[in-house]
DNA sequence: CTGAAAGCGCTTACAG
DNA sequence: CTGAAAGCGCTTACAG
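Protein chains in written order, with UniProt numbering: chain D, 1 to 345; chain C, 1 to 345.
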C-alpha cells in the first residue's frame, strides 16, 4: 500500500484545465476575488471533492512565513504549564499558527540547541517559559533578532516582552491574610532566586512584612533548591530548625507547599492548627489536598493567551516595543490557614 | 531594527567562493564525505562563525520530508496527557522530528479540521489521543494513507497501531485487591463506553467479579458521563441509590475517584471505613489526596515513547502491519481501600 | 480575468 | 571532488 502521492496545484489545474496559478488564487481566500466567480466555484468544487489541501510548507517557503511558533518549556509535567500551553495554542490557532512544543529542561546549552533547531525550522517567534533573570539563551535569541516573549517568568532588562502574574501583589495578599488571622511569626520558603518568580515573591514577602511593621525577628526567609515537593520538604525542615517560632508559611509555590505538608505530617504537626501554609499557583486539585490549600490563583490560561498575542504583534511589527503584561492574581482561602494557637509564641 | 535576513547556502557559498551545492553537501553529515576534507573544514568553520542554520523547510520541500509529527490531544489539562506528550516528544527528538501539538477537544468535526491543517503542513504522521472505539476521524486518516497511531485509547478494527495500557488486567488487579480485603459488594463507575478505556475497564471489571464468582446482585456497574470529577460525583450519587449495599468502588479513573471522594464527604461517609475507592492512572498527587488514593499506575511516559517509536517505524516502512502494544499496569495500594466494616451487608 | 515566468532555499542526479 | 542544472509546490509581480 504505497502512500498515495499528495495532490498539488498542478494536478488540480490539469484536471480542470486552467493554469495552476489560477487555482492558487482561488485556494487563498484573500486572492479569490481576482478570479471569475464561475471559475472559482468550479475549482473550489473539485478541490473539495478531491480533498486537495495546498502545501503550506511550499507556500511558506515562497512567502517566508512558516506559520510556526516555538514553545520552549522547562518541564511539561509541572502542572502550571499545560494550561499556559493551552492558552498559547488557542490564540495561535485563531491566526493560523501552530506551536512546536519542546520540553527543554533546565540546561541552558540544551535549550540553545533546541532553539537553534527551531530557528532552522523557520519558526516566526518563540515563547519561552524557561527564562531566568539573567538568561544567556534569551540574549542569544535577541541577538538573532527573532521575536520572543517570555511567559510566567519575566526578565530583568526589559528587552523582551513578558507575561507574568503580579508576584509582589501575590505575596502581599498572602501576608495580609496571614497577619489578618493573627500570625506574628511568618516565614517564606522562596523559589530559586535565579528565577524572577522566586526573586520577586521573596521581594514581595519582605515588602509585605515590612508594611505590617513586623520586627526583623518575627519573619524569616529560606530558599528552596527548586520548585518541587522534595525541595519544599527539605526547606521546611531547615525552616523549623532556624525559626522555631513560625506559625505560618508562605510557600514559593504549591509544590513547595505540598512539601511542607509532607514534613509537617512527618513531624506530627497539624496544618493549620500548628502551622498555616499558603501556596502559589492554585494548581489543579489544590482544593483536594488535606487540608485544602489556601493559595494564590494565577491566570494561567490568560497568561498563555496574552503571550501568544504579544508574540503575534511582535511578528507583525518587528520593531515594536517590548512590553510587560502583569496579570492580577487572586488569593483563594481554603483550609490550610487559620488563626495561630492562643499559646503560640 | 529590521530583522536581519537569515543566511542561505548561497550567501555562505559566495563568502567562501565555492558552489552552494558544495556547502549543502557539507552541512549534511551524510554527504559530507563527498567533499575534500580541507574544503569541508573551511565551510564548517565559516558556517559556525556566521551561525548558519540551513532552512529545514526548504530542505523538506525538496526531500518531501517535513520532520513534523502531529499530536492530537482531547484536553491537555487532563493530567494523563502531559507525560504522554513528554514521552512522544523525547523519542521524536532523538530522530530529528518535532511534534505539532493541538488541543482538539472532543468534537469530531473540529478534530478533522485540525487534522486537515496538519496534513496541509505536511506532517509525516499523526499520534491521536482522541480515538474512540468507532472513530470517523480515524477512518478519515486511514483513507488519507497517513501513518497514524493511537495512544492511551485503542481502536477496534486493528487497522492502526495502538499503544495502550492493559485495561482488563487493571480491573482484575483492582477487583482482586478489593475481594482480598473482604469486600462482597463491589461497584464500578465506568468511563464512557464509546472510549476503549471505558469499554474495556468495564469489561475487565465484569470478568473479574465473575472469576470471583460474585453473585449478580453482589456487583453493579454504572457509567459516568465523562472522565471528570463532576461526572464521577454524579455517578457516585446514582450508584448509592441503585446499589446501597456497596462497600467498594472501582472508579473508571482518578478523576472519577475524586468525584466519589467529593460525594462521600458530602454524605458524611468515610473512605475507606464506609466505602473503599480505587482509581486508575495514578495521576500526579494521587498520593496527596485524603485518603491517599489506591489506584492503578499506568506507564504514561513509556506509552508516549512507544507510540512515537511505532509511528516512526510506520513512517519508515509505510506498508508495515498495525500492531497493538499493551503496557502492563500496576496496582498501587494506598489509604483509600480497607476491609469493609464488620456490620457491612 | 488568466497565463507564463521567476524565485523562495534547498537536494541530488548528472557531468566533468 | 566540484559545479551546473533541475525541481520540490507554492505566490505574485508582470503581461496580455
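Backbone N, C-alpha and C fix where the C-beta goes; we use that ideal spot for every residue, glycine too. Just so it is clear, the structure is predicted and the values come from calculations on it, not from any experiment.
Cutoff 8 angstroms: residue i Cβ touching any chain C Cβ
i: residue 258 of chain D; result: yes
i: residue 199 of chain D; result: no
i: residue 111 of chain D; result: no
i: residue 49 of chain D; result: no
i: residue 191 of chain D; result: no
i: residue 43 of chain D; result: no
i: residue 94 of chain D; result: no
Local conformation of residue i per DSSP, three classes
i: residue 83 of chain C; result: helix
i: residue 2 of chain C; result: Model confidence at residue 2 of chain C stands at a pLDDT of 38, short of 50, so the residue's coordinates are unreliable; what they give is reported in the following sentence. In the structure shown, residue 2 of chain C sits in coil (DSSP, three-state: anything other than H, G, I, E or B).
i: residue 304 of chain D; result: helix
i: residue 70 of chain D; result: strand
i: residue 22 of chain C; result: helix
i: residue 174 of chain D; result: helix
i: residue 169 of chain C; result: helix
i: residue 295 of chain C; result: strand
i: residue 249 of chain C; result: strand
i: residue 122 of chain C; result: coil
i: residue 183 of chain D; result: coil
i: residue 338 of chain C; result: coil
i: residue 30 of chain C; result: coil
i: residue 162 of chain D; result: strand
Span separating the alpha-carbon of residue i from that of residue j
i: residue 90 of chain C; j: residue 111 of chain D; result: 14 angstroms
i: residue 329 of chain D; j: residue 42 of chain C; result: 55 angstroms
i: residue 95 of chain D; j: residue 195 of chain D; result: 31 angstroms
i: residue 135 of chain D; j: residue 22 of chain C; result: 36 angstroms
i: residue 65 of chain D; j: residue 282 of chain C; result: 42 angstroms
i: residue 267 of chain D; j: residue 238 of chain D; result: 13 angstroms
i: residue 317 of chain C; j: residue 122 of chain D; result: 28 angstroms
i: residue 176 of chain D; j: residue 206 of chain D; result: 12 angstroms
i: residue 228 of chain D; j: residue 256 of chain D; result: 6 angstroms
i: residue 58 of chain C; j: residue 320 of chain D; result: 29 angstroms
i: residue 92 of chain D; j: residue 264 of chain C; result: 42 angstroms
i: residue 241 of chain D; j: residue 262 of chain D; result: 16 angstroms
i: residue 346 of chain D; j: residue 178 of chain C; result: This structure does not reach residue 346 of chain D, given that chain D is present from 1 up to 345, and the question cannot be answered.
i: residue 259 of chain D; j: residue 232 of chain D; result: 4 angstroms
i: residue 200 of chain C; j: residue 212 of chain C; result: 18 angstroms
i: residue 3 of chain C; j: residue 143 of chain D; result: Unreliable positioning characterises residue 3 of chain C in this predicted model, as indicated by a pLDDT of 47, which lies under 50. The coordinate reading is nonetheless provided below. Those two C-alpha atoms are separated by around 10 angstroms.
i: residue 46 of chain C; j: residue 75 of chain D; result: 35 angstroms
i: residue 165 of chain D; j: residue 303 of chain D; result: 8 angstroms
i: residue 155 of chain D; j: residue 108 of chain D; result: 15 angstroms
i: residue 314 of chain D; j: residue 38 of chain C; result: 42 angstroms
Cβ-Cβ distance between residue i and residue j below 8 angstroms
i: residue 249 of chain D; j: residue 219 of chain D; result: no
i: residue 104 of chain C; j: residue 114 of chain C; result: yes
i: residue 191 of chain C; j: residue 198 of chain C; result: yes
i: residue 97 of chain C; j: residue 120 of chain C; result: no
i: residue 54 of chain C; j: residue 9 of chain C; result: yes
i: residue 327 of chain C; j: residue 299 of chain C; result: yes
Cβ neighbours of residue i in the same chain (closer than 7 angstroms, five flanking residues each side left out)
i: residue 311 of chain D; result: 69, 125, 127, 147 and 149
i: residue 322 of chain D; result: 158, 159, 160 and 161
i: residue 40 of chain D; result: 26 and 32
i: residue 301 of chain D; result: 83, 86 and 87
i: residue 7 of chain C; result: 50 and 52
i: residue 307 of chain D; result: 88, 127, 149, 151 and 163
Beta carbon proximity, residue i to chain D, threshold 8 angstroms
i: residue 66 of chain C; result: yes
i: residue 116 of chain C; result: yes
i: residue 7 of chain C; result: no
i: residue 89 of chain C; result: yes
i: residue 20 of chain C; result: no
i: residue 150 of chain C; result: no
i: residue 314 of chain C; result: no
i: residue 28 of chain C; result: no
Own chain residues within Cβ distance below 6 angstroms of residue i, not counting five before or after
i: residue 243 of chain C; result: 187 and 220
i: residue 1 of chain C; result: Because the pLDDT of residue 1 of chain C is 34, which lies under 50, any placement of that residue in the model is unreliable, and the number read from its coordinates should be weighed accordingly. For residue 1 of chain C, where only same-chain residues beyond five positions count, there are no Cβ hits under 6 angstroms.
i: residue 339 of chain D; result: 181 and 182
i: residue 336 of chain D; result: 271, 272, 277, 291, 293 and 294
i: residue 332 of chain C; result: 282, 295 and 297
i: residue 208 of chain D; result: 171, 172 and 175
i: residue 153 of chain D; result: 131, 195, 196 and 197
Close Cβ partners of residue i (< 8 angstroms) along its chain, the five nearest in sequence each way excluded
i: residue 73 of chain C; result: 81, 85, 101, 102, 103, 104, 129 and 130
i: residue 140 of chain C; result: 112 and 115
i: residue 274 of chain C; result: 247, 264 and 341
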